[in-house]
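Comments concern the structure below.
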Amino acid sequence: MSTSDAAPEEHGTPGSPGADTTWFVVPLFNEAEVIGDVIRDLRTRYPLVVCVDDGSLDGSGRIAAEAGAAVVRHPYNMGQGAALKTGIDYALRDPQMQQIVTFDSDGQHQVDDAAAMIEKLHAEGVDIVLGSRFLDTRTKPGLLKRIVLRGAVWYTNLTTGVKLTDAHNGLRVLSRGACEKMSIEQNRMAHASEIVEEIGRHKFTVAEHPVHILYTDYSRSKGQSALNSVNIVIDMLFR
Numbered sequence: 002m003s004t005s006d007a008a009p010e011e012h013g014t015p016g017s018p019g020a021d022t023t024w025f026v027v028p029l030f031n032e033a034e035v036i037g038d039v040i041r042d043l044r045t046r047y048p049l050v051v052c053v054d055d056g057s058l059d060g061s062g063r064i065a066a067e068a069g070a071a072v073v074r075h076p077y078n079m080g081q082g083a084a085l086k087t088g089i090d091y092a093l094r095d096p097q098m099q100q101i102v103t104f105d106s107d108g109q110h111q112v113d114d115a116a117a118m119i120e121k122l123h124a125e126g127v128d129i130v131l132g133s134r135f136l137d138t139r140t141k142p143g144l145l146k147r148i149v150l151r152g153a154v155w156y157t158n159l160t161t162g163v164k165l166t167d168a169h170n171g172l173r174v175l176s177r178g179a180c181e182k183m184s185i186e187q188n189r190m191a192h193a194s195e196i197v198e199e200i201g202r203h204k205f206t207v208a209e210h211p212v213h214i215l216y217t218d219y220s221r222s223k224g225q226s227a228l229n230s231v232n233i234v235i236d237m238l239f240r
């Protein structure tokens with residue numbers, strides 16, 4: 002169950018690839034300190050942004066709405082996978098939408114990378130473009146996160162038959178056709194592996210693109226890197 006605010010009315014900004022037809026889906030949970038800047042930065046180039054406020058207690062949803070995003074609210078924290086599903090369903094209501102970008106709310110993703118991935122989706126004619134921090138030398142994850150992510154890649158490649166370098170990167174571009182066929186049932190961190198499984202099951206064509214994940218003092222202060230690493234391991238073992 003969710004409630005929503007009105008969607009942005011603008012369609013497109015000159016000079017941004019796919020701005021008329023791209024929705025950014027941003028899962029949101031307690032990011033009041035940064036979400037306003039994230040949304041404003043996005044909307045200078047891509048006006049169609051939906052934030053799924055996944056039970057935030059710090060006013061994050063209100064700040065996102067004030068920055069110009071459409072906001073859909075979950076009544077309680079359901080998990081990132083559930084937030085992505087809600088956001089994708091919301092964007093599919095727009096008949097002009099041709100692709101969706103999944104984008105983190107904490108400032109770690111770069112709009113330039115998303116724009117390049119949208120271009121690649123069309124230039125290479127693939128169904129999905131996935132960001133890879135391991136193809137980009139600027140990204141410096143901590144040792145624990147690096148070990149866990151490499152292990153997750155090995156496990157996911159083995160179990161799905163889809164060969165990737167980064168299976169748990171939240172920056173993705175999904176074509177409308179892929180979104181209409183893909184089923185996300187895992188509510189929490191296991192959704193990332195589930196998306197790769199869906200790629201294999203539907204035989205979606207996929208490309209990877211190097212992306213710069215910016216591990217900031219803010220994200221590290223929340224313990225996000227270490228916590229996500231632990232969550233990835235738990236979800237792989239017990240999903």
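Per the numbering used here, the sequence shown starts with residue 2, numbered consecutively. All C-beta atoms in this analysis are idealised placements derived from N, C-alpha and C, irrespective of residue type, glycine included. Computed from a prediction, not measured in an experiment: that's the story for all the values here.
query, result
"Considering only the beta carbon of each residue, do Ile-148 and Val-26 sit closer than 8 Å?", "no"
"On the three-state DSSP scale, how would you describe Thr-138?", "coil"
"Per the contact definition of three or more C-beta pairs closer than 8 Å, is the region 169-187 in contact with the region 76-92?", "yes"
"Exposed or buried, which one is Ile-235 when buried takes at least 16 other CB atoms within 10 Å?", "Residue placement at Ile-235 is poorly supported in this model, since its pLDDT is 47, which falls under 50; the coordinates still yield a value, given next. The residue in question, Ile-235, is exposed, as its Cβ has fewer than 16 Cβ neighbours within 10 Å."
"Based on the DSSP secondary-structure assignment, which residues constitute the bridge partners of Asp-42?", "DSSP lists no partner for Asp-42."
"Tell me Ile-129's beta-bridge partners as DSSP assigns them.", "Leu-175, Val-207"
"Taking the alpha-carbon of Gly-19 as reference, which of Gln-99, Phe-104, Gly-62 has the nearest alpha-carbon?", "Gln-99"
"In or out: Leu-29 buried (at least 16 other Cβ within 10 Å) or exposed?", "buried"
"Using CA coordinates, which residue listed in Thr-4, Ser-17, Pro-211 is at the minimum distance from His-110?", "Pro-211"
"Can you check whether the CB of Lys-121 is closer than 8 Å to the CB of Val-112?", "no"
"Give me, in chain order, the residues of the same chain whose beta-carbon lies closer than 6 Å to that of Asp-114; leave out the 5 immediate sequence neighbours on both sides.", "Val-212"
"Of the residues Ser-61, Tyr-47, Val-174, which one's Cα is nearest the Cα of Gly-132?", "Val-174"
"Quick one: what's Val-149 bridged to in DSSP?", "Per DSSP, none; premise fails for Val-149."
"Based on the DSSP secondary-structure assignment, which residues constitute the bridge partners of Thr-217?", "DSSP lists no partner for Thr-217."
"Short of 6 Å in beta carbon distance, which residues of its chain neighbour Cys-52, apart from the five on each side in sequence? Order them along the chain.", "Val-27, Leu-29, Ala-65, Ala-70, Val-72"
"When DSSP builds the beta bridges, which residues end up paired with Ser-5?", "Val-73"
"Along the alpha helix (DSSP H) that carries Thr-87, what are the first and last residues, could you check?", "81-92"
"Mark Leu-172 as exposed unless 16 or more other C-beta atoms lie within 10 angstroms of its C-beta, in which case mark it buried.", "buried"
"Does Gly-126 pass the burial test, meaning 16 or more other C-beta atoms within 10 Å, or should it be called exposed?", "exposed"
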